[in-house]
Amino acid sequence: MSGQKKGLLAIINHTPAALNLGFYTIVSVSVISKSRKGISFVAGIEPNEVDLDHDMDLLQAFQDHQENLPEFARRLPCILHINDSESFALKYLDPGFAARLVIPEGMSHEEAFETLPFVNPEDLQGAVESLTHYLAHRDEFSTASFLQRVHTQDKGWITLYTTSIVIEELGGLVSFSVELDAVLVNDRQVEALLSETDFIKQHFQQFSQLTQKEQNFIRLWVQNMSTSKIAEHMNITPSTAKTYKKRIYAKLEINSYAELWEYAVAFDLNT
């Protein structure tokens, strides 16, 4: 599932926090809280229901449980799945969730795991593009996060928020998914999130052209820093800072600060 779609949203995170099981813990908050360090969800589940050390290293946790993944998956407050990092085919899926999926009559589970017919077909091309981009630019701390619509027998089409990380020792993209329908407070939040993800789908190509330094520049820019302050912070000359601004506008194909702010919000550069 994770590898086969960009889904509605794709974000590449570069933070060690994403390697910690506590990153995926469901906590008692009233809204989705987005930041560069992760996402917290409401689901009516207390963290102590999961018998896992929140400070446990993710790789170590898998190594300790890889002989019995179904039991490990059962103890997580989310859906566990592993995809091949080249074909994006499913190599493992939480059995409890697998039983909920809509699979065409006559199709085996093995074939369904290869072709992913239960994932919204409109999102498949974007999925391949975004996950390919992630795999080409990842480092030891990077993760890819995205939304994906999946067809289930009990609820019809649902939206999952998925975070994926490459763990070579486990042979692919290890992913954790949370059902957004269960955690969003109301339809207005869903609509707002989908509106933002539509912007990301339409402008991901322009954003992907930005270098890491240019993204860092935008973070400072949208904090209302002056050109001279940004130059001082980044250890560049004011003239170079002005060049950065022109280059960013050109790459994003924008002409105003308001348009820049929209990019900053959509791609989490305003935090």
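Residue numbers for the sequence shown follow the numbering used here, beginning at 8 and rising by one. Every residue gets a Cβ at the ideal spot worked out from N, C-alpha and C, and that includes glycine. Values in this document were obtained by computation on a predicted structure and should not be read as measured data.
Taking the C-alpha atoms as reference points, what is the distance between residue i and residue j?
i, j, result
"Phe214", "Lys162", "34 Å"
"Ile237", "Leu123", "46 Å"
"Val36", "Pro84", "Low confidence applies to Val36: its pLDDT is 23, below 50, so where it sits in the model is not reliable enough to give any reading."
"Ala80", "Ser94", "23 Å"
"Ala119", "Ile110", "7 Å"
"Thr159", "Gln230", "42 Å"
"Leu167", "Asn75", "24 Å"
"Asn242", "Leu217", "19 Å"
"Leu97", "Ile172", "14 Å"
"Leu259", "Phe104", "39 Å"
"Gly45", "Ser152", "Residue placement at Gly45 is flagged as unreliable, the pLDDT there being 31, under the threshold of 50; the coordinate-derived value follows with that caveat. Roughly 9 Å between the two C-alpha positions."
"Asp146", "Ala257", "27 Å"
"Leu108", "Glu117", "13 Å"
"Ser235", "Trp228", "11 Å"
"Ala143", "Glu176", "18 Å"
"Tyr99", "Ala265", "44 Å"
"His279", "Ile165", "One cannot answer for residue 279 here, as it falls past the ends of the chain, which runs 8 to 278."
"Glu186", "Ala106", "15 Å"
"Lys220", "Tyr141", "18 Å"
"Gln222", "Ser115", "45 Å"
"Ile174", "Leu180", "6 Å"
"Leu267", "Thr250", "16 Å"
"Arg226", "Gln209", "21 Å"
"Glu121", "Lys253", "45 Å"
Exposed or buried, residue i, counting other C-beta atoms within 10 Å across all chains shown (16 or more means buried)?
i, result
"Glu78", "exposed"
"His88", "buried"
"Ser281", "In the structure displayed, the chain extends from 8 to 278; residue 281 sits before or after that span and is not available."
"Thr244", "exposed"
"Asp101", "buried"
"Thr247", "exposed"
"Asn20", "Per-residue confidence for Asn20 stands at a pLDDT of 41, beneath the threshold of 50, marking its modelled position as unreliable; no derived number is given."
"Ser92", "buried"
"Ser263", "exposed"
"Ala271", "buried"
"Gly14", "Caution is warranted here: a pLDDT of 33 is assigned to Gly14, below 50, making its placement in the model unreliable, and no coordinate value can be reported."
"Glu112", "exposed"
"Asp71", "exposed"
Please report the Cβ distance between residue i and residue j, rounded to the nearest whole angstrom; I am assuming they are in contact, meaning their Cβ atoms lie under 8 Å.
i, j, result
"Phe211", "Ser137", "7 Å"
"Phe206", "Glu269", "7 Å"
"Val157", "Val135", "Actually they are not in contact, since the Cβ atoms of Val157 and Val135 sit about 17 Å apart, beyond 8 Å."
Just checking: is the beta-carbon of residue i within a distance shorter than 8 Å of some beta-carbon in chain B?
i, result
"Glu118", "Judged by its chain identifiers, the structure shown contains no chain B, having just a single protein chain."
Tell whether a beta-carbon distance below 8 Å holds between residue i and residue j.
i, j, result
"Gln155", "Thr139", "no"
"Ile255", "Phe224", "yes"
"Ser182", "Asn277", "no"
"Ile261", "Ser184", "no"
Closer than 7 Å: is that where the CB of residue i sits relative to any heavy atom of the ligand ATP?
i, result
"Ser94", "As presented, the structure is devoid of all ligands, the ligand ATP included, so that no description of it is given."
Runs of beta strand (DSSP E) wholly within the region 69–96 (minimum 3 residues, chain order) | For the region 69–96, whole beta strand (DSSP E) runs of length 3 or above, ordered along the chain, are 86–90.
Report the residue ranges of all alpha helix (DSSP H) runs contained in full by the region 121–161; include only those spanning at least 4 residues, in chain order.
-> Whole alpha helix (DSSP H) segments, 4+ residues: 131–144.
Contained alpha helix (DSSP H) runs [length at least 4] in the region 202–231, N- to C-terminal order | The DSSP assignment places complete alpha helix (DSSP H) segments of no fewer than 4 residues inside the region 202–231 at 219–228, in order along the chain.
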